[in-house]
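Residue numbers (this note's numbering): 39 to 470.
No residue lacks a Cβ here, since even glycine has one placed at the ideal position from N, Cα and C.
It should be emphasised that the depicted structure is a prediction, and the values quoted were computed from it without experimental measurement.
A quick write-up on the structure given underneath.
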């Protein structure tokens, strides 16, 4: 199994640090322009961030639901272009005096067809509501895509961190096994205390446990990432660097706020609520109906037994039906307005947090480089000092584990820095 670990010499500027002596295992170097290659947990060559987000978006179940909502709204808008407010109504009546027992030959057939008419402006208002809802569904697709992109970045960061944790743990195991071999030789010669041998064994067991837990984490994150994207690759979020930031307009806070899909979705919901309010006002009464009736009567062989006419039915407006509709429309308008205000505030606060996190991640990465550099050199120095009898073994072991934790901190800081840059790109809609 091949393991990739970021070149400590490159990250820390320690060109003279001999990594083979520090780790005792083969370290796969960084390949410029290609990214990282992993062969752990069933994950293969990394994907680009774009490919991973596109793959996750393609199989996202919410996308199918929102696309269906959009299609349904488009169909409703097209249906609202009809000449009439509804389908035709057929009526039929039959009268016969034989039922009453008189049997004078009075038989009447009556039938008609009528259609509802649009109230003034009601058809256009109905169409506008449907179009606004279609646009709302379209913007909600952008919101969901943004959410998918964030989940992909988080899952990729967790997967890469799990691999680096395993590599660092295995490197520490290799270094401790080297120390253990020296301690065992010294123990056979009676030159070292049993307590020192036990300390090495305990520290080695702890490092192996770290490696085992990292392997479990690799399997878990690999499964989550594969479920999310449907692909076995790992998105290479380490492609993101300061050049990506130069392509964003993160400093234009108002522009970032206006283009954010969540703000646009809530604003479109306000427009849809306004159109719904207009529709309710246009629908101030039930739709009138107009139609044609025909009557055929048998009255002692009368020559005028068939008649044709026009019927008109106009229900009058009533507060019983209008008031609930107007109240519901006002409530919808108020809720949409509140959601837009809250969305703008949330986006404003989130952008401030993203900027602050990026600044903090940059500083943390710089500090972690210094820390890891010092801890690695200290661990090497303590090991050399122990070999010549100048330092207790327990101090050399503690220094090695401190170096391991410093490497983990460095990797966390680096991944957090790359992820913060991508999150800034997602927030501004300008992922290169």
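Here the stretch 308 to 320 makes no contact with the stretch 385 to 403; the two share fewer than three CB pairs at distances below 8 angstroms. Residue range 160 to 226 is occupied by the alpha helix (DSSP H) that includes residue 177.
Under the three-state reduction of DSSP, residue 327 is assigned to strand. Around the beta carbon of residue 131, fewer than 16 other beta carbons lie within 10 angstroms, which makes this residue exposed.
It is roughly 28 angstroms from the alpha-carbon of residue 371 to the alpha-carbon of residue 326. Here the C-alpha atom of residue 454 lies approximately 10 angstroms from the C-alpha atom of residue 398. The Cβ atoms of residue 460 and residue 278 lie closer than 7 angstroms to each other. Using a Cβ-Cβ distance cut-off of 8 angstroms, the stretch 209 to 227 and the stretch 238 to 255 are in contact, since at least three pairs of beta carbons, one from each stretch, lie closer than that value. Note: residue 351 is bridge-paired with 327 in the DSSP secondary-structure output. Per the coordinates, the alpha-carbon of residue 188 lies some 21 angstroms from the alpha-carbon of residue 174. Judged by their CB atoms, residue 275 and residue 456 are nearer to each other than the 7 angstroms cut-off.
Collapsing the DSSP output to three states places residue 314 in a helix.
The residues 151, 152 and 153, in chain order, have a CB closer than 7 angstroms to that of residue 126 in the same chain once the five nearest residues on each side in sequence are set aside. Taking 4 residues as the minimum length, the stretch 417 to 455 contains no alpha helix (DSSP H) run wholly inside it.
With a threshold of 16 other beta carbon atoms within 10 Å, residue 116 falls short and is exposed.
Annotation for residue 133: 146 place their beta carbon closer than 6 angstroms to its own, counting only its chain and skipping 5 residues before and after.
Within the same chain, Cβ atoms closer than 7 angstroms to the Cβ of residue 234 are found at 221 and 431, the five residues on either side in sequence being excluded.
Closest by C-alpha distance to residue 438, out of 416, 261, 426 and 423, is 416. Residue range 232 to 267 is occupied by the alpha helix (DSSP H) that includes residue 235, with no beta strand (DSSP E) assigned at that position. Considering only 362, 367, 218 and 98, the residue with the shortest C-alpha distance to residue 421 is 218. The distance from the Cβ of residue 385 to that of residue 301 is about 6 angstroms, consistent with a contact at the 8 angstroms cut-off.
Judged by their CB atoms, residue 297 and residue 463 are not nearer to each other than the 7 angstroms cut-off. Among the bridge pairs identified by DSSP, residue 147 is matched with 132 and 334. Within the DSSP bridge table, the entry for residue 345 names 333 as partners. For residue 154, the secondary structure class from DSSP, reduced to helix, strand or coil, is strand. Residue range 271 to 273 is occupied by the beta strand (DSSP E) that includes residue 273, with no alpha helix (DSSP H) assigned at that position.
For residue 117, the enclosing alpha helix (DSSP H) starts and ends at 99 to 117. If you look at residue 283, you'll find it in the alpha helix (DSSP H) that goes 280 to 284. In this structure, the beta-carbon distance from residue 252 to residue 207 falls below 7 angstroms. Residue 236 counts as exposed, since fewer than 16 other beta carbons sit within 10 angstroms of its beta carbon. Residue 168 is positioned such that its CB atom lies no closer than 7 angstroms to that of residue 123. Contact between the stretch 301 to 313 and the stretch 343 to 353 is not established, with fewer than three Cβ pairs separated by less than 8 angstroms. The beta carbons of residue 238 and residue 90 sit about 43 angstroms from each other, so the pair does not count as a contact at 8 angstroms. Under the 8 angstroms Cβ criterion, the stretch 348 to 358 does not count as touching the stretch 158 to 166, having fewer than three qualifying pairs.
Judged by their CB atoms, residue 303 and residue 408 are not nearer to each other than the 7 angstroms cut-off. According to the DSSP assignment, residue 94 belongs to the alpha helix (DSSP H) that extends over 87 to 96.
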